[in-house]
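Notes to accompany the following structure.
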Amino acid sequence: MSEYINIFNVILRRDLILAFRDKTDFINSLFFFIIVITLFPLSFGTKSTIVNEIIPGMIWISALLATCLTLETIFRSDFEDGSIEQLTLSRYPLTLLVSAKIFAHWITFGIPLIIISLLMGILLSLSNEIIMALFITLILGTPILSLLGSVMVALTIGLRGGMLLNLLILPLSMPVLIFSTVAIQNAASNQSMIAEVYFLAGILVLTITLAPLATAAALRIRLS
Amino acid sequence: MSKFSINNLECVRQNNILFKGLSLTMEDGALLQINGANGSGKSSLLQICAGLIQITTGEVLWNNININQQRYEFQSNILYIGHANAIKATLTVEENMTIIHSLTGSKSKINYSAILKKIGMSGMNKIFAYNMSAGQKRRLGLIRLFMAKSKLWFLDEPFNALDKEGKKIIENLIISHCDNGGITIFTTHQRMEINGRPLQSINLGNNNV
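Chains as they are written, first to last, in numbering that gives the first Met the number 0: chain A, 0 to 223; chain B, 0 to 208.
See the structure below:
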């Protein structure tokens, strides 16, 4: 068991170092995220009713699009330099190794995304309840996006044509988007959002359990 | 005594049969060279043997058990080095070695300088892989041969981009691996100097199917 935790940490640290040394992809998509969010008040105006109603949903959609831009980085370089063959043929379960890679993706992209969303929320003077709801839904939702995305990336990696990935991932992330935005709307009208949060947490547990298995299987298919 | 065998293998790529009915058995100390023109299926055969490519016809056996039924048992006994070096350009030589070492599952401490000296890269510990030449990258990829304690080696064009001295190091390594009871399967277009070891070989290509 400790051996497995050890190798998980090694791969996690490896991917974090790699992301830190080659950060253009992440920085660019975070800037894309910021710019898209700032476009909305410019086009819709800054009346507080409109801002509070529309902006949280817009932040969520922007988060979704920005995530799509970075997903490929989970496996692209490993696929190009042959590392994925070494991971697949190592003595450790591939599921465990890809879990570490997905976790690294969430740390390098999901966490900065959450922090920036909160800052943007404050900047656009959203109400405190909405910022809180945004925080809770993002912290449950962004790992789901990384997990679902990894399966799709594993299926499509190496195929030229990046749009295919987006076409696969966007429909799959609809439930997350629906539950998150409904939760935020409820919070805005001072209602309970506990049901939606439970649903998001449920989806998160489901994807944590199944997505790494599916990713490993998809990678094996892509390699043969 | 371990035994690696392939049984009635067939490989089809883009509706072309690359080879079929390929059978072979190898025991401790065996050395097998796969020959063939470009595109004749050498790499595919290696990848099938290593379990990277799943096949529909035929089977690959390790100690008489199909490798798909004992994947991790089999995978802790093999070392596969493909065309790509599988090293990270933005990591230093030492960092690359640390990851390779962890993936072999070895618990012992790693002596970077000693291993680098063996492969002729002394003093390069802190150099980033993107600063290295093609031959040096190949050597770093092949450093797995020194670090893994695997019984079964699959090497795809190991001598590519290597200079004379590098080729000599790897040849000697392969020979001593086989002397110690290991099994090596490799592809190459170059002449091997293997001083009297029995060398099996398969020729792939249209003439031999």
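Here a beta-carbon is modelled for each residue, glycine too, at the ideal position from N, C-alpha and C.
For Lys87 (chain B), the C-beta contacts it makes with chain A under 8 Å involve Arg13, Leu17, Ser76, Asp80, Ser82, in order along the chain.
Beta-carbon to beta-carbon, Asn6 (chain B) and Gly57 (chain B) are separated by about 6 Å, close enough to satisfy the 8 Å threshold. Taken in chain order, the members of the stretch 34-49 of chain B whose beta-carbon sits within less than 7 Å of a beta-carbon on chain A are Ala49. Counting only Cβ-Cβ distances below 8 Å, Gln135 (chain B) has no contacts in chain A at all, with the closest Cβ about 15 Å away.
Residues of chain B with a Cβ closer than 8 Å to the Cβ of Arg90 (chain A) are, in chain order, Tyr71, Gln74, Ser75, Leu102, Thr103, Gly104. When the five nearest sequence neighbours on each side are left out, the beta carbons in the same chain lying within less than 8 Å of the beta carbon of Pro111 (chain A) are those of Phe25, Leu29, in order along the chain.
Leu154 (chain B) and Phe19 (chain A) have their C-alpha atoms spaced approximately 32 Å apart. Put simply, the stretch 197-215 of chain A does not touch the stretch 162-173 of chain B. Fewer than three CB pairs are less than 8 Å apart. Inclusion of Ser200 (chain B) and Asn34 (chain B) in the CB contact set at 7 Å is warranted, their separation being smaller than that value. Of all residues in the stretch 105-128 of chain A, none has a C-beta nearer than 7 Å to a C-beta of chain B. If the five residues before and after Ser82 (chain A) are omitted, its C-beta is found closer than 8 Å to the C-beta atoms of Ser76, all from its own chain and listed in chain order.
For Met25 (chain B), the enclosing beta strand (DSSP E) covers residues 15-26.
Looking at the DSSP output, Ile77 (chain B) bridges to B:Leu151. Closest in alpha carbon position to Ile49 (chain A), among A:Leu64, A:Arg13, A:Ser124, is A:Ser124. In this structure, the beta-carbon distance from Ile101 (chain A) to Ser47 (chain A) does not fall below 7 Å. Distances from the CA of Trp61 (chain B) to each of B:Asn202, B:Cys48, B:Glu93 were compared; the closest alpha carbon is that of B:Cys48. Secondary structure note for Thr186 (chain B): its beta strand (DSSP E) is the uninterrupted segment 182-186. According to the DSSP assignment, Lys2 (chain B) belongs to the beta strand (DSSP E) that extends over 2-12. Here Ile86 (chain B) is not near Gly122 (chain B), since their CB atoms are 7 Å or more apart.
Its Cα nearest to that of Leu169 (chain A), the residue A:Ser145 stands out among A:Gln190, A:Leu205, A:Ser145, A:Leu15. Interface annotation, Ser223 (chain A): in contact with chain B, CB-CB separation under 7 Å. Where Glu58 (chain B) is concerned, there is no enclosing alpha helix (DSSP H), although the beta strand (DSSP E) around it starts and stops at 58-61. DSSP, reduced to helix, strand and coil, places Asn179 (chain B) outside both helices and strands of the structure shown, so it counts as coil. For the pair Glu26 (chain B) and Arg159 (chain A), the Cα-to-Cα distance works out to about 42 Å. A contact is defined here as three or more CB-CB pairs under 8 Å, and the stretch 94-111 of chain B fails this definition with respect to the stretch 178-197 of chain B. Ranked by Cα distance from Phe3 (chain B), the options B:Gly20, B:Ile54, B:Asn63, B:Ser39 are led by B:Asn63.
The straight-line gap separating the alpha-carbon atoms of Asn65 (chain B) and Tyr79 (chain B) is approximately 18 Å. Note on geometry: alpha-carbon atoms of Leu122 (chain A) and Ile53 (chain A) lie some 15 Å from one another. About 6 Å separates the Cβ atoms of Met192 (chain A) and Ala132 (chain A), confirming a contact at the 8 Å cut-off. If you compare the alpha carbons of A:Phe198, A:Leu163, A:Met162 with that of Leu176 (chain A), the shortest gap goes to A:Phe198. At least 7 Å separates the CB of Asp24 (chain A) from every CB of chain B. In terms of beta-carbon proximity, Gly180 (chain B) stays away from the interface with chain A, with every pair separated by 7 Å or more.
When DSSP reads this structure, Thr91 (chain B) sits in a beta bridge with B:Phe127. For the set B:Leu8, B:Asn67, B:Ile16, B:Leu31, the Cα lying nearest the Cα of Thr186 (chain B) is the one of B:Leu31. In the structure shown, Asn8 (chain A) adopts helical secondary structure according to DSSP, grouped into three states. Ranked by Cα distance from Ala153 (chain A), the first of A:Cys67, A:Glu71, A:Phe43, A:Arg12 is A:Glu71.
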